[in-house]
Amino acid sequence: MDFDAFVAEVEQVRAAKGVHPPFEAWIASDADLARVEATLRTRLPEKYKQFMKVFGAGQFMYLGFIPPVSPDGRIRGLIEKNTGEHEIPGFVAIAAVGTGDHWGFVNVDGVCSEQVYMYTFEDESLELEADDFLAFASWEGLHAGREGY
Numbered sequence: 131m132d133f134d135a136f137v138a139e140v141e142q143v144r145a146a147k148g149v150h151p152p153f154e155a156w157i158a159s160d161a162d163l164a165r166v167e168a169t170l171r172t173r174l175p176e177k178y179k180q181f182m183k184v185f186g187a188g189q190f191m192y193l194g195f196i197p198p199v200s201p202d203g204r205i206r207g208l209i210e211k212n213t214g215e216h217e218i219p220g221f222v223a224i225a226a227v228g229t230g231d232h233w234g235f236v237n238v239d240g241v242c243s244e245q246v247y248m249y250t251f252e253d254e255s256l257e258l259e260a261d262d263f264l265a266f267a268s269w270e271g272l273h274a275g276r277e278g279y
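Residue numbering for the sequence shown follows the numbering used here, beginning at 131 and increasing consecutively.
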């Protein structure tokens with residue numbers, strides 16, 4: 131999914147549901163994203179970075195994204211959520227499912243996948259959720275295309 135198509139879909143869903151805006155707008159700067167990439171020693175997907183610079187993290191309709199950098203020091207950002215006791219080797223968590231599981235990117239040789247995976251805590255398994263970040267944000271965040279939404 132390209133970014134312009136995603137933005138159009140956001141506007142369509144907002145208009146249909148009468149919501150303003152569907153996100154908390156913890157906007158990330160280029161410096162924030164560079165800090166995350168340097169600390170985690172990985173390159174984040176471009177679509178993810180573009181989303182964070184335009185829409186930001188926090189609640190995005192039906193999905194809560196972990197902010198790249200904590201906006202107020204009270205919640206964990208990507209660095210805190212992906213280092214130390216919270217680190218999942220080879221995986222960068224970007225959103226919590228609410229059950230201990232996380233959605234995120236597989237990290238191979240310092241490069242995150244474009245695809246979004248669900249990491250299941252109980253059996254430490256990965257399952258492909260979407261071919262790219264924007265398709266994931268559309269499906270899980272906007273529930274676009276789901277009957278009854």
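We treat Cβ as the ideally placed atom computed from N, Cα and C, and that holds for glycine.
Given the structure is predicted, the values throughout are model-derived calculations rather than measurements.
Residue interval of the beta strand (DSSP E) (run including residue i)
i	result
I224	221-226
Backbone secondary structure at residue i - three-state DSSP
i	result
Y279	Only weak support exists for where Y279 lies, its pLDDT of 48 falling under 50; the coordinates are left without a value.
G234	strand
Proximity below 8 Å, CB of residue i to CB of residue j
i	j	result
A223	I205	no
R165	C242	no
L208	P201	no
F238	A260	The sequence given here places Val at residue 238; Phe does not occur at that position. Not a contact, by the Cβ cut-off of 8 Å.
W156	G203	no
L193	A146	no
Residue i, enclosing alpha helix (DSSP H) - first and last residue
i	result
L193	Unbroken run through L193 is the beta strand (DSSP E), 193-195; no alpha helix (DSSP H).
F209	In the sequence as displayed, the identity of residue 209 is Ile instead of Phe. Segment 208-211, the alpha helix (DSSP H) holding I209.
E141	133-147
In chain order, each beta strand (DSSP E) run of at least 3 residues that lies wholly inside the stretch 236-276:
246-250, 255-260
In the stretch 151-205, which residue ranges form an unbroken alpha helix (DSSP H) of at least 4 residues, counting only runs that do not cross its ends?
160-170, 176-184
Taking three-plus beta-carbon pairs below 8 Å as touching, is the stretch 134-149 in contact with the stretch 262-274?
yes
Could you say if the stretch 250-266 and the stretch 219-234 meet the contact criterion of at least three C-beta pairs nearer than 8 Å?
yes
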